[in-house]
């Protein structure tokens with residue numbers, strides 16, 4: 001069974017010079033997240049505005065001074081621009097602002113070490129590759145089960161967009177790391193200084209799910225699955241005493257879902273992909289419908305199994 005007795009991350013975090021009380025820690029997390037999100041949004045806003053006001057149909061309505069047409073077109077054009085691959089790429093790369101905000105807070109305010117955030121040089125590449133393999137296999141297993149029971153169809157894309165695949169691979173590496181650094185490397189570990197580790201895991205997982213409330217098509221099952229995925233990330237980090245593996249699992253899951261199989265990633269638009277797996281029928285209990293696989297029961301079962309294996313498989317003791 002997983003043990004945190006000799007966990008180096010938690011031990012390093014306990015040496016932080018500033019350890020805010022429970023409620024203050026939550027408020028500080030909201031502030032750090034708010035700053036990072038604001039910067040990310042500002043980065044995405046400029047190209048989005050450019051994309052909107054270079055739309056020929058909207059420009060024609062503006063030139064003609066047709067207010068009714070401008071109003072009716074503005075929302076449609078905005079949604080269309082935000083779903084374009086190049087805008088989505090910018091939004092992925094912009095999440096680096098959240099990573100920087102979390103790093104600056106931990107290093108400058110709490111005075112925590114990099115090791116306390118789960119970053120260690122020894123074996124980092126192997127840890128990342130292992131995590132990426134696990135994340136890819138988990139997602140492909142979910143898709144395979146759904147295909148076998150007839151809830152998803154399968155077809156290869158007519159043309160493989162090599163440039164976009166490489167760009168989204170890097171983008172999801174950045175985005176997956178940003179969420180893990182913020183929610184687990186910073187928030188969960190810092191919160192653990194003021195409460196039991198199990199409580200810190202639970203709270204950080206619920207917060208992780210709540211951060212997705214604004215995603216299109218979100219529902220209670222999707223929130224549950226995202227919280228379970230957060231719990232899996234947390235116990236995997238505690239078991240390996242490292243953050244990089246979880247960053248890789250997170251990034252691999254999103255990339256495999258969006259760019260290898262063409263399934264929506266947490267409600268976002270379809271991405272350039274190698275293959276296309278579309279839901280069959282409107283019933284979304286297993287396949288998640290328009291939200292993506294996280295909105296279905298198959299992900300619930302697979303994630304619960306992953307948590308159980310991570311918690312209960314025999315574990316080697318860590319050296320502090």
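In our numbering, the protein residues as written are 1 to 320.
A virtual CB, placed ideally from N, CA and C, is assigned to each residue, including glycine.
Since the structure is predicted, the reported quantities are computational estimates derived from the model, not experimental observations.
Query, Result
"Test item: CB-CB of residue 97 and residue 190 under 7 Å", "no"
"Check whether residue 135 and residue 252 have beta carbons under 7 Å apart", "yes"
"Cβ-Cβ distance between residue 291 and residue 222 below 7 Å", "yes"
"Cut-off 6 Å between Cβ atoms - residues of its own chain near residue 258, not counting five sequence neighbours on either side", "265 and 271"
"Residue(s) in a DSSP beta bridge with residue 156", "275"
"At least 3 beta-carbon pairs within less than 8 Å: the segment 294-301 vs the segment 135-150", "yes"
"Straight-line gap, residue 235 to residue 212 (C-alpha atoms, nearest Å)", "20 Å"
"Residue from 161, 78 and 203 with nearest C-alpha to residue 321", "Given a span of 1 to 320 for the chain in the structure shown, any question on residue 321 remains unanswerable."
"Own chain, CB closer than 7 Å to residue 326, minus 5 neighbours either side, in chain order", "Residue coverage of the chain in this structure runs from 1 to 320, which leaves residue 326 outside it and unanswerable."
"Simplified DSSP state of residue 54, which is helix, strand or coil", "coil"
"Residue-level contact to chain C via CB, residue 139, 7 Å cutoff", "The displayed structure is made up of one protein chain only, and chain C is not part of it."
"Top-ranked residue by Cα proximity to residue 244, from 277, 28, 302 and 184", "184"
"Residue range of the alpha helix (DSSP H) that includes residue 175", "162-180"
"Whether residue 153 touches residue 286 by CB criterion (7 Å)", "no"
"7 Å Cβ shell around residue 276 - same chain, five flanking residues per side excluded", "155, 157 and 262"
"Three-way DSSP call (helix, strand, coil) for residue 18 in this model", "coil"
"Nearest candidate by alpha-carbon position, reference residue 55, set 42, 73 and 66", "73"
"The segment 87-107 in contact with the segment 214-234 per 3-pair CB rule at 8 Å", "no"
"DSSP three-state assignment for residue 10, whether helix, strand or coil", "helix"
"Reference residue 12; option with closest CA among 117, 83, 194 and 172", "117"
"Helix, strand or coil at residue 95 according to DSSP, with G and I counted as helix", "coil"
"First through last residue of the alpha helix (DSSP H) which encompasses residue 227", "220-240"
"Closest by C-alpha distance to residue 138, when choosing among 314, 309, 313 and 224", "309"
"Assumed close pair residue 194, residue 2 - CB separation to whole angstroms, cut-off 8 Å", "That belief does not hold up - the Cβ atoms of residue 194 and residue 2 are roughly 21 Å apart, past 8 Å."
"Counted within 10 angstroms of its Cβ, other Cβ atoms place residue 320 as buried (16 or more) or exposed", "Annotation note: pLDDT 44 at residue 320 (below 50); position unreliable, coordinate value reported separately. It counts as exposed."
"Buried versus exposed call for residue 110 [16 or more other C-beta atoms within 10 Å across all chains shown]", "buried"
"Reduced DSSP category for residue 101 - H, G, I as helix; E, B as strand; rest coil", "helix"
"C-beta atoms of residue 70 and residue 62 nearer than 7 Å", "yes"
"Simplified DSSP assignment, three categories, for residue 257", "helix"
"Span of the alpha helix (DSSP H), counted from its first residue to its last, around residue 132", "124-148"
"Length of the line joining the Cα atoms of residue 43 and residue 35", "13 Å"
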